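This report refers to the structure that appears directly beneath it.
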Amino acid sequence: MAAMGKYRNIVILTGAGVSAESGIDTFRSAGGLWENHRVEDVATPQAFVRDPDLVHRFYDMRRAAIQEKLPNPAHAALAELDARWTGDLLIVTQNVDDLHERAGARRVLHMHGEHLKAWCTSCDLRSPWRTTLIERPPCPVCQARTLRPDVVWFGEMPYRMGEIYAALRSADLFVSIGTSGAVYPAAGFVRDARELGARTLELNLERSQGSRWFHESRLGPASEVVPVWVEEVLA
Ligand code: OAD
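Sequential numbering of the sequence shown, starting at 71, is according to the working numbering.
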């Protein structure tokens, strides 16, 4: 049974750092995603119009890669918290991998989309997708060959913002894990949550860009600091 005395409603924001120890490069690490591919070459709607093969190749590679990776103890601890917490809880992830779900978490919201889905820009439906898109396969629903990765690109609106702000409004604890605080609107959630009265905690390898907005920062690898915090909050 969860400790309901101190907190009732929790919002957890996760970023690339929570999956780093599963072997998925963070965005801004040396040798990471943007070092090998300039962001403007792959992660914008304009890039997709200009060079769709490049964009498809890149996301096909990432889609294949994440399927080889496994959840780490940070994902497992958050899944345990999700299973045992009887108050509201929402894991808002910027990650497009499925490691939270594979660890067993249920209350997960992918604000930047998901690698394992394809979005048909003709009929607007999303389909589960595990293989490649570069050969322009038909949409399983309408047959048009207009599938794109179901990920949010720069300049596009993140998903389900209404649900996220509703959760932030009722949260009394906001926890940010493994995110640099460089990309809005997610980077602004801590400030919103704090101004709305929540306690704010960051768990990260180093201080994030919005670190001053957190009541408390615990620095260390997610696989170590997250299980310790989860044990504490469930104690
Ligand atoms: P970043 O790469 O910007 O930040 C990752 C953060 O995780 C950094 O602060 C690292 O210090 C920290 N970190 C690295 N390894 C860690 C570990 N083992 N344990 C804990 N923390 C660790 O990734 P995000 O903040 O997720 O958006 O990036 C946000 C968004 O920027 C992404 O979702 C993506 C990108 O542009 C879109 O694609 C729309």
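C-beta: ideal position from N, C-alpha, C; glycine also. From a predicted model like this one, the values you see are computed outputs, not experimental measurements.
Rounded C-alpha distance that separates T270 from A90
23 Å
Quick one: grab the DSSP three-state call for I234.
helix
Length of the line joining the Cα atoms of M74 and T156:
The pLDDT assigned to M74 is 45, lower than 50, so where the model puts this residue is not dependable, and the model offers no usable value.
Measuring only from the beta carbon, is Q116 closer than 7 Å to any heavy atom that is part of the ligand OAD?
no
Given the structure, does A173 come close to the ligand OAD, in the sense that its CB is under 7 Å from one of the ligand's heavy atoms?
no
Contact between the stretch 136-145 and the stretch 164-177: three or more CB pairs below 8 Å?
yes
Straight-line gap, T249 to S278 (C-alpha atoms, nearest Å):
7 Å
Is DSSP giving D242 helix, strand or coil here?
coil
Is the beta carbon of A292 sitting closer than 8 Å to the one on I247?
yes
For a quick check, are the C-beta atoms of W189 and L217 less than 8 Å apart?
yes
Quick check: G225 and G251, are their CB atoms within less than 8 Å of each other?
no
Where does L159 fall in DSSP's three states?
strand
Nearer than 7 Å: is that true of the beta carbon of H126 relative to any heavy atom of the ligand OAD?
no
What is the DSSP secondary structure of A188, reduced to helix, strand or coil?
strand
Since R264 and H185 are thought to touch, with beta carbons under 8 Å apart, how far apart are those beta carbons, to the nearest angstrom?
With a Cβ gap of about 31 Å, R264 and H185 do not count as contacting.
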